[in-house]
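J.:
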Amino acid sequence: MAIGFGTTIGGSICEQFRVAVGPMKVAYLIFVCFALCFIGCTKPGDLSISEQEGRLEAIDVELSQLANLSLRSGVGSIGCRSPWYERVDSSSWMEVDLGENRSIDQVVLVPVLRRDIDGGFQADAFPSEFRVLAGTAEDRQGTVIAEYSESDTLLPRIAPLVVPVGKMMVSWVRVEAVRLTPRGFDGRYVFQLSELLVFSGPDNVALHQPVTTSFEVRPDLSGAWSQRFLVNGAMPYLMNSPQGSQSLAYVSDTGVQPNILTDLGEEHPITGIHLHAVDQDDTVPQTFAGDLGIPRHLRIEGANLPDFSDAAVLLDYRWESINETSPIMMWNIPETKCRYVKLSVIEPSLSFDMPENMRRVGFAEIELLSHGRNVALNCGVTVSMESKGVRNPSALTDGENLYGRILPLRKWLSQLARRHELTNERSVRTIALSRQYARQKSILVFMSWAILALVVMIGFVILYGRTLRIRQESRVRERIAANLHDELGANLYAIGMLGDIAENSVHSPERLVETLRRIRSLTQRTGTATRICANMMEASDVCQDLVEEMKRDAARLLADLDHDIVFEGEGILNGLKRRRRVDIFLFYKECLTNIIRHAQATQVSINVSANNRDIVITVYDDGRGYSGDVPASLQRRARLMGGNVRVEHPESGGTSIILKLQTSRWWG
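Per the numbering used here: the sequence shown = residues 133 to 800.
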């Protein structure tokens, strides 16, 4: 019996451990699912945090190598603008005539800039929708090179817009505004650009070319707006490269009008000239007017002989207004081969209305271009009247200005455009990374709470499992007690009756011996029954066929009574779980035992009905009846099965015990 009891307890503990482990697995799976849900909430295609950080680092590295968007100050030409329109969709265009068919590969649009009190410097009246066309003199309809709409989100911007062009031969380029934006100071719709550049390789072939427009350009009192200012090379930017070293511009002594001679070392075909104006000052505001050092009238000549006896005029330039000057003054010239280039001051600057003996001449750099390449770089420079100050003429060809290295025009503008793109991307990625950091923080908070909840759940599961084990041990003890009571009660009662018979058979040896043999046999059966009761919950051969077991016990226990037994749903009964079959069998057996012990019945009727929902067992006897509540042993059995038992007393007499229970339960 001890062995059986230990086996039963051990089996139940193992089973309850499995029951307890189940919720732990569920909790773990729920935790993992929630974690994966939060971690996987990034949209498909989004970069991870480490990838975003890597991209931001790469952007910062590239930005550190690009030209800076430094804006010029002072006065000067602004660009070309249309009259104002009432409607946002008013069509307007500007066109530059290249003079002849040229092979072009890039167009650059430079916006007019304004100060915005909320957003800082912004493009002013730059069209939100427009297209760029190009064609030849024979093809006035032209071909659309590029087309932009509001969905391209070009605005806001202060950088130039680079329009790539597949190589094509054209003689004109036109910008057609389709949808306008309001200008800042009065909100009226206009179309304006600061500069239109058309590149053929490194050369801006639109420089100082004729410009036509779809609108009439009205005289401007400030002198800052003009059709010719669309292609004069003057832009709202200063050449500010993060590379190279600062160079102090050359400025002559006061009252001096020197000639500046550059020796290129060998003959070069000169196609362009860039004169970089002196940076007025590094203070804010500046101490000098914007035209400091730029002669009002200058002449540049080229020659192959040192005495300039074969000189050819490369440029003869005279300006009437300060608006005709700019930080970089640019000209394309007919290709001229020369080794020596001389800049002569014909008429000095009119700065400050100073007397002539106080005027000075100066430049930050003189670039002599041969198809886009500065052939004057690091060449020797001679000034006819040397400066007594610290200004060195070699600064005129060192390739650097106040900010550092001077870049080729096309490269400079491309870097400014690239800076705009990277700055926008950086802003977007910074916002995305901030959101991912916030999401990560939420995940960490969630994970912390989830871990805490999981710990609490594990603790609960452990306590719950322990409680289940204690309850199971109690149930096992209760089942064993019930089994022993039900199985052994009848045997012990029979042994007592046989003892009485033996006592009355003292004078009848044969009857006494037979009675003792029956007592001995019943005692052996009782011991066997005890072991069976202890192991009944685990034994695999108990109640294999519940219907046959019930029929067999009815035949054995009710042999002396008139009885009948009827089954409905035998397949369902035999398909129950083993423990459920055992519980039903023991309840049924207890009913029969009570009848033969107490009822004094002559007839017993048994009906067992089973379907997919419930099982009903009715045991009727015609005995003397039962006046009390349901016997405690039957109540205990019904409770263990989760069923409901009641006693009925038919009018014809006798007693009916009725048990009703569900066919199946999730807990066994």
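C-beta: ideal position from N, C-alpha, C; glycine also.
1) What is the DSSP secondary structure of LYS683, counted as helix, strand or coil?
2) Would you be able to state if there are at least three C-beta pairs under 8 Å between the segment 424 to 436 and the segment 319 to 339?
3) Let me know if PRO401 comes out buried or exposed under the rule of 16 or more other beta-carbons within 10 Å of its beta-carbon.
4) Note down the Cα distance separating GLY591 from SER759, rounded to an integer number of angstroms.
5) With distances taken from CA atoms, which of ASP395, TRP544, ASN200 and TYR369 is nearest LEU475?
6) Taking all protein chains shown into account, do 16 or more other C-beta atoms lie within 10 angstroms of the C-beta of PRO782, making it buried, or fewer, making it exposed?
7) Alpha carbon to alpha carbon, what distance is there between SER235 and GLN254?
8) Give me, in chain order, the residues of the same chain whose beta-carbon lies closer than 6 Å to that of SER458; leave out the 5 immediate sequence neighbours on both sides.
9) Pick helix, strand or coil for MET669, following the three-state DSSP scheme.
10) Going by other Cβ atoms of all chains shown within 10 Å of its Cβ, with 16 needed for buried, is PHE317 buried or exposed?
11) Distance, Cα to Cα, ARG778 vs LEU766?
12) So what's CYS470 in DSSP terms, helix, strand or just coil?
13) Between PHE262 and the rest of its own chain, which residues show a CB-CB distance below 7 Å, the 5 nearest in sequence each way excluded?
14) Which first and last residues belong to the alpha helix (DSSP H) in which PHE323 is found?
15) What's the C-alpha gap between ILE498 and TYR382?
16) Apart from the five residues just before and just after ARG523, which ones in its own chain have a Cβ nearer than 6 Å to its Cβ?
17) By the 10 Å Cβ neighbour count, where 16 or more other Cβ atoms means buried, how is PRO804 classified, buried or exposed?
18) Which two residues bound the contiguous alpha helix (DSSP H) that contains MET301?
19) Measuring CA to CA, which of LEU370, LEU534, LEU245 and VAL473 is closest to GLY376?
20) Give me the residue from ARG684, CYS470, ASP414 and ARG713 with the minimum Cα distance to ARG204.
21) Does the distance from the CB of THR468 to the CB of GLY434 come in under 8 Å?
22) Got a sec? Which residues, its chain only, sit under 6 Å from SER346 by beta carbon, not counting five neighbours each side?
23) For ASP237 and SER358, I'd like the C-alpha separation in whole angstroms.
24) Quick one: what's SER727 bridged to in DSSP?
25) Could you pull the start and end residues of the beta strand (DSSP E) that ALA266 belongs to?
26) Out of curiosity, what's the CA-to-CA distance linking ASP530 and SER260?
27) Can at least three beta-carbon pairs, one atom from the segment 739 to 756 and one from the segment 786 to 797, be found at a separation below 8 Å?
28) Please go through the segment 512 to 586 and give each complete beta strand (DSSP E) segment of 3 or more residues, from N-terminal end onward.
29) Within the same chain, show all residues whose beta-carbon is closer than 6 Å to that of VAL242, passing over the 5 residues directly before and after it, in chain order.
30) Helix, strand or coil: how does DSSP classify THR139 here?
31) So VAL748 packs on LYS709, CB below 8 Å; how close in whole Å?
32) Nearest CA to the CA of VAL220: which residue from GLY319, GLU227 and TRP304?
33) Starting from GLY186, trace the alpha helix (DSSP H) in both directions and tell me its first and last residue.
34) Would ILE645 be called buried (16 or more neighbouring beta carbons within 10 Å of its own) or exposed?
35) Note down the Cα distance separating PRO215 from ASP229, rounded to an integer number of angstroms.
36) What does PRO314 pair with, by DSSP beta-bridge criteria?
T.: Concretely, from the data shown:
1) Along the sequence shown, read from residue 1 onward, the residue named residue 683 stands at position 551. LYS683 sits in a helix when the DSSP states are folded into three classes.
2) The segment 319 to 339 vs the segment 424 to 436: no contact.
3) In the sequence shown, residue 401 corresponds to position 269, counting from 1. Burial state of PRO401 is exposed, judged by a 10 Å Cβ sphere holding fewer than 16 other Cβ atoms.
4) Position 459 of the sequence shown, counting from 1, holds the residue named residue 591. Position 627 of the sequence shown, counting from 1, holds the residue named residue 759. Distance between the alpha carbons of GLY591 and SER759: 49 Å.
5) On the sequence shown, position 343 is the one that residue 475 refers to. With respect to the C-alpha of LEU475, the residue from ASP395, TRP544, ASN200 and TYR369 having the closest C-alpha is ASP395.
6) Locating residue 782 in the sequence shown gives position 650, counting from the first residue. Exposed, since its Cβ has fewer than 16 Cβ neighbours within 10 Å.
7) For the purposes of this step, residue 254 is identified with residue 122 of the sequence shown, where counting begins at 1. For the purposes of this step, residue 235 is identified with residue 103 of the sequence shown, where counting begins at 1. Looking at the two C-alpha atoms, the distance is approximately 33 Å.
8) For the purposes of this step, residue 458 is taken as the residue at position 326 of the sequence shown. The beta carbon of SER458 sits closer than 6 Å to those of GLY208 and ALA366, all from its chain and outside the five residues before and after it, given in chain order.
9) Position 537 of the sequence shown, counting from 1, holds the residue named residue 669. With a pLDDT of 48 at MET669, under the threshold of 50, the predicted position of this residue should be treated as unreliable, and no value is reported.
10) For this step, residue 317 is matched to residue 185 along the sequence shown. Classification of PHE317: exposed, given that the 10 Å Cβ count is below 16.
11) Position 646 of the sequence shown holds residue 778. Position 634 of the sequence shown holds residue 766. Rounded to the nearest angstrom, the two C-alpha atoms are 9 Å apart.
12) Numbered from its first residue, the sequence shown carries residue 470 at position 338. In the structure shown, CYS470 sits in a strand (DSSP, three-state: E or B).
13) Walking along the sequence shown from the start, residue 262 turns up at place 130. Closer than 7 Å at Cβ, skipping near neighbours: TYR280, VAL307, GLU308, ALA309 and VAL310.
14) Your numbering for residue 323 matches position 191 in the sequence shown. It is not in any alpha helix (DSSP H) - PHE323 carries neither H nor E in the DSSP assignment.
15) Walking along the sequence shown from the start, residue 498 turns up at place 366. Walking along the sequence shown from the start, residue 382 turns up at place 250. The C-alpha of ILE498 lies about 10 Å from the C-alpha of TYR382.
16) Taking the sequence shown and counting its residues from 1, the one referred to as residue 523 is at position 391. If we look at ARG523 and ignore the five residues flanking it on each side, its Cβ neighbours are TYR382 and VAL383.
17) This structure gives no information on residue 804, because the portion of the chain shown stretches from 133 to 800.
18) Looking up residue 301 in the sequence shown gives position 169. From DSSP, MET301 is part of no alpha helix (DSSP H) but of the beta strand (DSSP E) over 293 to 311.
19) For this step, residue 376 is matched to residue 244 along the sequence shown. GLY376 has its Cα closest to that of LEU534, out of LEU370, LEU534, LEU245 and VAL473.
20) Walking along the sequence shown from the start, residue 204 turns up at place 72. In terms of CA proximity to ARG204, ASP414 leads the group ARG684, CYS470, ASP414 and ARG713.
21) Locating residue 468 in the sequence shown gives position 336, where the first residue counts as 1. Locating residue 434 in the sequence shown gives position 302, where the first residue counts as 1. Taking 8 Å as the Cβ cut-off, THR468 and GLY434 qualify as a contacting pair.
22) Stepping through the sequence shown from its first residue, residue 346 is reached at position 214. Residues of the same chain with a CB within less than 6 Å of the CB of SER346, apart from the 5 flanking positions on each side, are SER224 and TRP225 in chain order.
23) Your numbering for residue 237 matches position 105 in the sequence shown. Your numbering for residue 358 matches position 226 in the sequence shown. Distance between the alpha carbons of ASP237 and SER358: 26 Å.
24) Here residue 727 corresponds to residue number 595 of the sequence shown, with the count starting at 1. As written in the sequence, residue 727 is Ile, which differs from the Ser given in the question. Paired residue(s): none; ILE727 is not in a bridge.
25) Here residue 266 refers to the residue found at position 134 of the sequence shown. Where ALA266 is concerned, the enclosing beta strand (DSSP E) starts and stops at 261 to 267.
26) On the sequence shown, position 398 is the one that residue 530 refers to. On the sequence shown, position 128 is the one that residue 260 refers to. Roughly 41 Å separates the two Cα atoms.
27) Because the criterion of three Cβ pairs below 8 Å is met, the segment 739 to 756 and the segment 786 to 797 touch.
28) Taken in chain order, the complete beta strand (DSSP E) segments of 3 or more residues contained in the segment 512 to 586 are 512 to 515.
29) Working through the sequence shown from its first residue, we reach residue 242 at position 110. Correct list, in chain order: PRO292, SER326, GLU327 and MET367.
30) If you number the sequence shown from 1, residue 139 lands on position 7. Unreliable positioning characterises THR139 in this predicted model, as indicated by a pLDDT of 37, which lies under 50. A coordinate reading is not provided.
31) As a first step, residue 748 is located in the sequence shown; it is residue number 616 there, counting from the start. As a first step, residue 709 is located in the sequence shown; it is residue number 577 there, counting from the start. Rounded, the Cβ-Cβ distance is 18 Å, inconsistent with contact.
32) One-based indexing of the sequence shown puts residue 220 at position 88. Nearest C-alpha to VAL220: GLY319.
33) Position 54 of the sequence shown, counting from 1, holds the residue named residue 186. Its alpha helix (DSSP H) spans residues 181 to 195.
34) Looking up residue 645 in the sequence shown gives position 513. Strictly speaking, residue 645 in this sequence is Val, with Ile absent from that position. Under this definition VAL645 is an exposed residue.
35) Along the sequence shown, one-based indexing puts residue 215 at 83. Along the sequence shown, one-based indexing puts residue 229 at 97. Going by the C-alpha atoms only, they are around 22 Å apart.
36) As a first step, residue 314 must be located in the sequence shown, where it is residue number 182. Answer is TYR321.
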